[in-house]
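Sequence positions in the sequence shown follow the numbering used here and run 3 to 252. A virtual CB, placed ideally from N, CA and C, is assigned to each residue, including glycine. Presented below is the structure to which this report refers.
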Amino acid sequence: QKILTDGAGKEVPLNPTVTKRHLELAEPTLEDQRADADRVLDEIEAVLEPCLEVLNALPDHTRTFMILVSLFDRFCSSLCDAVTGRNDSDAYLRFMEENNLFLIPLDNTRTWFRFHHLFKDCLHKLSMNDPAVDSTGLHTASFQWFYDHGFFSEAFDHAMKAGQPALAAKALRSLLLTLYRQGNDAAIFPYFEQLPENIILSDPVLACYFAWGRMVNGEFEIIQAINALQDKFSGKDADLVQGFYQAMEG
Numbered sequence: 003q004k005i006l007t008d009g010a011g012k013e014v015p016l017n018p019t020v021t022k023r024h025l026e027l028a029e030p031t032l033e034d035q036r037a038d039a040d041r042v043l044d045e046i047e048a049v050l051e052p053c054l055e056v057l058n059a060l061p062d063h064t065r066t067f068m069i070l071v072s073l074f075d076r077f078c079s080s081l082c083d084a085v086t087g088r089n090d091s092d093a094y095l096r097f098m099e100e101n102n103l104f105l106i107p108l109d110n111t112r113t114w115f116r117f118h119h120l121f122k123d124c125l126h127k128l129s130m131n132d133p134a135v136d137s138t139g140l141h142t143a144s145f146q147w148f149y150d151h152g153f154f155s156e157a158f159d160h161a162m163k164a165g166q167p168a169l170a171a172k173a174l175r176s177l178l179l180t181l182y183r184q185g186n187d188a189a190i191f192p193y194f195e196q197l198p199e200n201i202i203l204s205d206p207v208l209a210c211y212f213a214w215g216r217m218v219n220g221e222f223e224i225i226q227a228i229n230a231l232q233d234k235f236s237g238k239d240a241d242l243v244q245g246f247y248q249a250m251e252g
């Protein structure tokens, strides 16, 4: 018979039948899980319905603008101009803020904003059925804006969402140098997990850094892949790969 101890160290026998019955009562059934899921969906729909009513009452151009910028976790007027092709995004943002259209400022200067997460979900739902929304093009344009303005992590994310791993690698290289200067270079490794290995190995800096991370984890076979790259590059790139390989071998 199994036993436990109470708070005073006294042994307390367990009744297997009672214990099993309590566990069965605590374990949710498949029907319970489905009921919970249906309840959550009903609650979400109840919240989204008034959001849709608000959107449907807006002019088409305002609604379209909001749907387009809802692809971002945060946005500013300059970013909105770049991805929508407009030059009056600031006026749209002020209109949304003045009319309480679920816009949340992220700084005291009211430069950066985001949508309330439930309203953002509502806009995203609309974007999936809107032929005017070219998500790939929007994410590609977003990559360029974030990259040009030094927000390399967000540039990486948008490049990946656009299906452009080569652009993501470009952002990652700049991000790597930024994190290295901050003494936080270990934070780079989760980004490598999102990129195809052939894209990583096509860049000498990323290839060496990737190999170093793999070797730290005990995956020493990666060094042979670096060795094979020595003839692929020329000039300073070749010197970098060769020097890294010799250092690792030594």
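Alpha-carbon to alpha-carbon, Ala170 and Ile190: Start at 1 with the first residue of the sequence shown, and residue 190 comes out as number 188. Start at 1 with the first residue of the sequence shown, and residue 170 comes out as number 168. One C-alpha to the other measures close to 13 Å.
Cα separation between Ser176 and Glu156? Along the sequence shown, one-based indexing puts residue 176 at 174. Along the sequence shown, one-based indexing puts residue 156 at 154. Taking the straight line from one Cα to the other gives about 12 Å.
Residue ranges of each alpha helix (DSSP H) within the stretch 116 to 140, 4 or longer: Runs of alpha helix (DSSP H) with 4 or more residues, each lying fully within the stretch 116 to 140, are found at 119 to 129, listed in chain order.
Separation of Asn89 from Ile106, as counted between CA atoms: Taking the sequence shown and counting its residues from 1, one reaches residue 106 at position 104. Taking the sequence shown and counting its residues from 1, one reaches residue 89 at position 87. The C-alpha of Ile106 lies about 21 Å from the C-alpha of Asn89.
Taking just the CA atoms, how far does Ala59 sit from Phe212? Within the sequence shown, residue 212 is the residue found at index 210, counting from 1. Within the sequence shown, residue 59 is the residue found at index 57, counting from 1. C-alpha separation (whole angstroms): 51 Å.
Could you have a look at Leu197 and say whether DSSP puts it in helix, strand or coil? Here residue 197 is taken as the residue at index 195 of the sequence shown, counted from 1. Leu197 sits in coil when the DSSP states are folded into three classes, being neither helix nor strand.
Would DSSP call Leu73 helix, strand or coil? Here residue 73 is taken as the residue at index 71 of the sequence shown, counted from 1. In the three-state scheme derived from DSSP, where H, G and I count as helix and E and B as strand, Leu73 is classed as coil.
Range covered by the alpha helix (DSSP H) that runs through Leu177: Taking the sequence shown and counting its residues from 1, the one referred to as residue 177 is at position 175. Where Leu177 is concerned, the enclosing alpha helix (DSSP H) stretches over Pro167 to Arg183.
What did DSSP end up calling Ala39 once you bin it into helix, strand or coil? By one-based count along the sequence shown, residue 39 stands at place 37. Unreliable placement is indicated for Ala39, whose pLDDT of 49 sits below 50; no coordinate value is reported for it.
Among the residues of its own chain, which have a CB less than 6 Å from the CB of His141, if the five just before and after it don't count? Walking along the sequence shown from the start, residue 141 turns up at place 139. These residues qualify, in order along the chain: His160, Lys163 and Ala164.
Alpha-carbon to alpha-carbon, Gln226 and Asn110: Within the sequence shown, the letter at position 108 stands for residue 110. Within the sequence shown, the letter at position 224 stands for residue 226. Distance between the alpha carbons of Asn110 and Gln226: 52 Å.
Integer-rounded CB distance, given that Arg65 should sit under 8 Å from Phe115: For the purposes of this step, residue 115 is taken as the residue at position 113 of the sequence shown. For the purposes of this step, residue 65 is taken as the residue at position 63 of the sequence shown. About 17 Å; that fails the 8 Å criterion.
Taking the C-alpha atoms as reference points, what is the distance between His151 and Gln184? On the sequence shown, residue 151 is found 149 positions in, with the first residue counted as 1. On the sequence shown, residue 184 is found 182 positions in, with the first residue counted as 1. Each residue's CA atom was taken as its position, placing His151 and Gln184 some 18 Å apart.
Could you tell me which residues DSSP pairs with Ile106 in its beta bridges? For the purposes of this step, residue 106 is taken as the residue at position 104 of the sequence shown. Secondary-structure assignment with DSSP links Ile106 through a beta bridge to Arg116.
Is any heavy atom in the ligand PLP found nearer than 7 Å to the beta carbon of Met68? As for the ligand PLP, it is missing from this structure, which has no ligand bound.
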